[in-house]
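> Position in the sequence shown (first residue = 1) + 135 = the working numbering.
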Amino acid sequence: MAPSALAEFSMDNSTQPWQANNFDYLMQAIAIVRGYLTRHIANRQAQPYEEDLETAIQTQATTANTMSAPPALEVLCQKFGLSEFERAILLCCTGQAMHPDFPGVLAIAQNIPELGSTTFQLALQCFPNPHWNSVTARRPLRQWQLVRWASTPEPPRAPLQIDEAILNYLVGEPYSDPFLEGTVTTGYSRASSQIQLQPSHQTIVEQMVGLFYATSELPPVVQLCGTLRDFQQAITTQVSQAIGVPLYSLSSDSIPRDRAELQHLMLRLRRWFVLEPALLQVQITNSKTSETGPNGGAPLVDVFLNSINLPLIVLTDQRLQLSHPAVLTFDVVGLQYGEQLELWQDAWEEADAPASFQDEELARLASQFRLSGAMIQTASAAVQNQVTESTTELGTRLWEFCRLQARPQLEGLAQRITVNATWDDLILPEREKNTLRQITTHVRQQARVYQQWGFAGKNQRGLGLAALFAGASGTGKTTAAEILANELKLDLFRIDLSAIMSKYIGETEKNLRRIFDAAEVGGAILLFDEADALFGKRTQVKDSHDRHANIEVSYLLQRMESYQGLAILTTNLKDNLDQAFLRRLRFILNFPYPKQPERSKIWQRVFPKQTPTQDLDFELLGQLDVTGGNIKAIALNAAFLAAEAEQPVTMKLILDATKTEYLKLGRMLTSQETQYWDVG
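1. What does the alpha-carbon distance come out to for the pair residue 381 and residue 694?
2. Are residue 728 and residue 582 close, meaning C-beta to C-beta below 9 Å?
3. I need the straight-line Cα distance from residue 598 to residue 580, nearest angstrom please.
4. Please classify residue 810 as buried or exposed, where buried requires at least 16 neighbouring CB atoms within 10 angstroms.
5. Just reading off the beta strand (DSSP E) that residue 520 is part of, what are its end residues?
6. Taking DSSP as the reference, what is the three-state secondary structure of residue 153?
7. Please list, in chain order, all residues of the same chain as residue 223 whose beta carbon is under 6 Å from its beta carbon, the five residues on each side excluded.
8. Roughly how many angstroms separate the alpha carbons of residue 172 and residue 240, rounded to a whole number?
9. Looking at C-alpha atoms only, which residue of 558, 654 and 813 is the closest neighbour of residue 737?
10. Taking residue 588 as the reference, give the member of 569, 338 and 498 with the closest Cα.
11. Please classify residue 800 as buried or exposed, where buried requires at least 16 neighbouring CB atoms within 10 angstroms.
12. May I have the straight-line CA-CA distance separating residue 260 from residue 175, to the nearest angstrom?
13. What are the partner residues of residue 294, as DSSP defines its beta bridges?
14. Alpha carbon to alpha carbon, how far is residue 764 from residue 610?
15. Can you tell which of 792, 616, 762 and 761 has the C-alpha that lies nearest to the C-alpha of residue 776?
16. Whole angstroms is fine: what's the gap from residue 440's alpha carbon to residue 230's?
17. Determine which residues share a DSSP beta bridge with residue 358 and list them.
18. Note down the Cα distance separating residue 228 from residue 163, rounded to an integer number of angstroms.
19. Whose C-alpha, out of 635, 462, 575 and 565, is nearest the C-alpha of residue 550?
20. Going by beta-carbon coordinates alone, are residue 699 and residue 655 separated by less than 9 Å?
21. DSSP beta-bridge partners for residue 316?
22. Could you check whether residue 632 and residue 652 sit closer than 9 Å to each other, using their CB atoms as the reference points?
23. Where do the ends of the beta strand (DSSP E) carrying residue 725 lie?
24. With DSSP run on the structure shown, which of helix, strand or coil describes residue 570?
25. Which of the three DSSP states is assigned to residue 791 in this structure?
26. Determine the extent of the alpha helix (DSSP H) in which residue 437 is found, giving its start and end residues.
27. With DSSP collapsed to three states, give me the class of residue 171.
28. Using a Cβ-Cβ cutoff of less than 8 Å, which residues in the same chain neighbour residue 648 once the five nearest sequence positions on both sides are dropped?
29. Can you tell me whether residue 147 is buried or exposed, with buried defined as 16 or more other CB within 10 angstroms of its CB?
30. Given this structure, state the Cα-to-Cα distance separating residue 150 from residue 208, to the nearest angstrom.
31. Can you tell which of 476, 434, 407 and 482 has the C-alpha that lies nearest to the C-alpha of residue 104?
32. Between residue 540 and residue 657, is the Cβ-Cβ spacing less than 9 Å?
33. How would you call residue 383, buried or exposed, if buried means at least 16 neighbouring beta carbons within 10 angstroms?
34. Can you check DSSP and say which residues form a bridge with residue 383?
35. Short of 7 Å in beta carbon distance, which residues of its chain neighbour residue 783, apart from the five on each side in sequence? Order them along the chain.
36. Could you round the C-beta distance between residue 226 and residue 217 to whole angstroms and report it? I think they count as a contact, below 8 Å.
In structure tokens, the structure reads:
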């Protein structure tokens, strides 16, 4: 059978020139292999063989010389180091898959009508320069899974088949591996491609490009840390474009723990990127960071990164402790103050706004919020479209828009408290109230003191504003936090430290990281309840859990020191807190148990103006030995009792509500507390 028998099996003329030439080259190569088979048939049948294989080989070389890029077949053979004999086996399997007549030739060549497949035994008999180890597990054909055994007879006679992804590659199609479909996806996204990176991010891009361009026997691994995933992906997009290779993405959830499955995934990935150089970004999910590998011990993600032997970009919320010797780590943070201020000024450059607004209001926004460039543009455009003659009103609208735009990022991680409390609602000694007012001053004047007056300097640590509110339950700690949020026009989020502390090593730190990273965007006030759950006096380290508990404490302190918003911690047990922790707080505010005069004032303010009351004696009500929180609970219960009875709130109803509250507290109401009460 002539080598030209496949000539009619050609590509459509509309195909791109390289693809058409590549296909012709592949067909010519298969025709040559087919010639070896027909020569073997002729020799076995003692018939003359008249085809000129040398001419066919020369024709193939001529085709290659006209191509704009090397044929896919030659690229594959060179990349995987195939010998002439292994190349012939691969082409024989390719012809078997592509041409309907080819299996018949194979059956005749083997003199077995039902065996229309390539076999190693046949290859040894037909193809030049045979060698016995060509289909062993360590040779390229099987090591890279270019071909596989189609059934389980003895290997020399077992049918061989070409891998589908390799077949597609040889005919000139973009590489597509069915095994990786849904596992590996494009790394590009419309959102990330539209993000305008700022100088601090561009520096990361430049360093990564230099690293990937550098020649090294060990492919580098870069991890980009932080929760700003859009910025991370924008960075990887620019890096891949600068290098000139595609970008693909793999979720760590797709990394199998089973050893055989893990090895198979890594091999398919390596094979792909050997043929088509690309960058792979691995998106780490929190569920995988602590999962161990096939043998236990080392984390699964670390095992994968160490074994894959490819240049990788790791996108992770928190830094991973990787054992790979060529890891470069960058923290991808939001825009810094100077970058944000420049973006704000650019957005308002053409707006008809007073210079004082440009200088002061925009500086406050850049200091309080950490928005992306897109968020700044959105906020500016929205507010500029609202007609107003008042600079104050303009600033208020812009501030509110920024706060609302950033809010959703934190709402899934903590409880947002609706703030209505004012200074009149808080009964505290004047000294403590003055301290609260100082806290508002520190928040308001951050831009001026830190940036304009230079206190920020080069070190951001120690500039975070952290306060401790200490006092018994119900003494006004949460109310004070609400007042600060209301005064500063900021959101207030409550975080229960005892709830986010995890028994799993490292999980508490991850929870805290997500909260702080989300809060940075909106400049929210963070209220950490039950600080003593994490900051109790440290005992001697006895095991790994103690060590990790100390790490969690250190991490929270570190984030509080660098957090550009206000972090408030509350405790009922200040004496149980570590003194080293207390020294790192800027404000410590004690909320004393209210005495009778303070309690009377709380009673005077507890009922809304619309609530009907009758003959209430606030001085006598102040005799009840309870906190402000208890007073609010009693007042609310009394209001419900009054509503049910269709009458105003009276001393008698308050007494009934008090008994219910004391029952809840496990206390007895004493005669001194109700002395002189006239309740009928």
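The beta carbon of each residue, even a glycine, is placed where N, CA and C say it ideally should be. Note that this is a predicted model, so its numbers are computed, not measured.
Taking the definition as stated:
1. Position 246 of the sequence shown, counted from the first residue, corresponds to residue 381. Position 559 of the sequence shown, counted from the first residue, corresponds to residue 694. Roughly 36 Å between the two C-alpha positions.
2. Counted from its first residue, the sequence shown places residue 728 at position 593. Counted from its first residue, the sequence shown places residue 582 at position 447. Using a Cβ distance threshold of 9 Å, residue 728 and residue 582 do not count as a contacting pair.
3. Indexing the sequence shown from 1 puts residue 598 at position 463. Indexing the sequence shown from 1 puts residue 580 at position 445. Cα-Cα distance, rounded: 12 Å.
4. Residue numbering aside, residue 810 sits at position 675 when the sequence shown is read from its first letter. Exposed.
5. Residue mapping note: residue 520 aligns to position 385 of the sequence shown, counting from 1. Unbroken run through residue 520: none, as it is neither H nor E.
6. The residue given as residue 153 occupies position 18 in the sequence shown. Correct three-state label for residue 153: helix.
7. Taking the sequence shown and counting its residues from 1, the one referred to as residue 223 is at position 88. Taken in chain order, the residues that qualify are 168 and 262.
8. Position 37 of the sequence shown, counted from the start, is the residue given in the question as residue 172. Position 105 of the sequence shown, counted from the start, is the residue given in the question as residue 240. So the two alpha carbons sit approximately 7 Å from each other.
9. What you label residue 737 is simply residue 602 of the sequence shown in a count that begins at 1. It is 558.
10. Position 453 of the sequence shown, counted from the first residue, corresponds to residue 588. Closest option to residue 588, Cα to Cα, is 498.
11. Numbered from its first residue, the sequence shown carries residue 800 at position 665. Exposed, because fewer than 16 other Cβ atoms sit within 10 Å of the Cβ of residue 800.
12. By 1-based counting over the sequence shown, the position of residue 260 is 125. By 1-based counting over the sequence shown, the position of residue 175 is 40. If you take the alpha carbons of residue 260 and residue 175, they lie about 8 Å apart.
13. As a first step, residue 294 must be located in the sequence shown, where it is residue number 159. Here residue 294 is bridged, per DSSP, to 254.
14. Taking the first residue of the sequence shown as position 1, residue 764 is located at position 629. Taking the first residue of the sequence shown as position 1, residue 610 is located at position 475. When rounded, the distance between both Cα atoms is 6 Å.
15. Stepping through the sequence shown from its first residue, residue 776 is reached at position 641. The shortest Cα separation from residue 776 among 792, 616, 762 and 761 belongs to 792.
16. Counted from its first residue, the sequence shown places residue 440 at position 305. Counted from its first residue, the sequence shown places residue 230 at position 95. Using only the alpha carbons, I get a separation of about 37 Å.
17. Taking the sequence shown and counting its residues from 1, the one referred to as residue 358 is at position 223. Partner(s): 449 and 464.
18. Here the question's residue 228 lines up with position 93 in the sequence shown. Here the question's residue 163 lines up with position 28 in the sequence shown. For residue 228 and residue 163, the distance between alpha carbons rounds to 14 Å.
19. As a first step, residue 550 is located in the sequence shown; it is residue number 415 there, counting from the start. Checking every option, the nearest Cα to that of residue 550 belongs to 635.
20. Numbered from its first residue, the sequence shown carries residue 699 at position 564. Numbered from its first residue, the sequence shown carries residue 655 at position 520. Taking 9 Å as the Cβ cut-off, residue 699 and residue 655 qualify as a contacting pair.
21. In the sequence shown, the residue the question calls residue 316 occupies position 181. In DSSP, residue 316 forms a bridge with 319.
22. Translated into positions along the sequence shown, residue 652 becomes position 517. Translated into positions along the sequence shown, residue 632 becomes position 497. For residue 652 and residue 632, no; Cβs fall outside 9 Å.
23. Looking up residue 725 in the sequence shown gives position 590. Its beta strand (DSSP E) spans residues 722-726.
24. Residue numbering aside, residue 570 sits at position 435 when the sequence shown is read from its first letter. Note: residue 570 maps to helix in three-state DSSP.
25. In the sequence shown, the residue the question calls residue 791 occupies position 656. Reduced to three states, the DSSP call for residue 791 is helix.
26. Against the sequence shown, residue 437 aligns to sequence position 302. Residues 435-442.
27. Along the sequence shown, read from residue 1 onward, the residue named residue 171 stands at position 36. Reduced to three states, the DSSP call for residue 171 is helix.
28. Here residue 648 corresponds to residue number 513 of the sequence shown, with the count starting at 1. Take residue 648, set aside five residues on each side of it, and the residues of its chain with a beta-carbon closer than 8 Å to its own are 362, 452, 453, 690 and 694, in chain order.
29. Position 12 of the sequence shown, counted from the first residue, corresponds to residue 147. Unreliable positioning characterises residue 147 in this predicted model, as indicated by a pLDDT of 43, which lies under 50. A coordinate reading is not provided.
30. In the sequence shown, residue 150 corresponds to position 15, counting from 1. In the sequence shown, residue 208 corresponds to position 73, counting from 1. Any reading at residue 150 is ruled out, since the residue's pLDDT is 45, under 50, leaving its predicted position unreliable.
31. In the structure as shown, the chain starts at 136 and stops at 815, and residue 104 therefore has no counterpart that could be examined.
32. Taking the sequence shown and counting its residues from 1, one reaches residue 540 at position 405. Taking the sequence shown and counting its residues from 1, one reaches residue 657 at position 522. Their beta carbons are under 9 Å apart, which means residue 540 touches residue 657 by this criterion.
33. The residue you call residue 383 lines up with position 248 of the sequence shown. Of the other Cβ atoms in all chains shown, 16 or more fall within 10 Å of the Cβ of residue 383; this residue is therefore buried.
34. As a position in the sequence shown, residue 383 is number 248, starting the count at 1. Residue 383 is bridged to 321 and 415.
35. Your numbering for residue 783 matches position 648 in the sequence shown. So the qualifying residues of the chain are 747, 748, 749 and 777.
36. The count along the sequence shown starts at 1 and reaches residue 226 at position 91. The count along the sequence shown starts at 1 and reaches residue 217 at position 82. Rounded, the Cβ-Cβ distance is 10 Å, inconsistent with contact.
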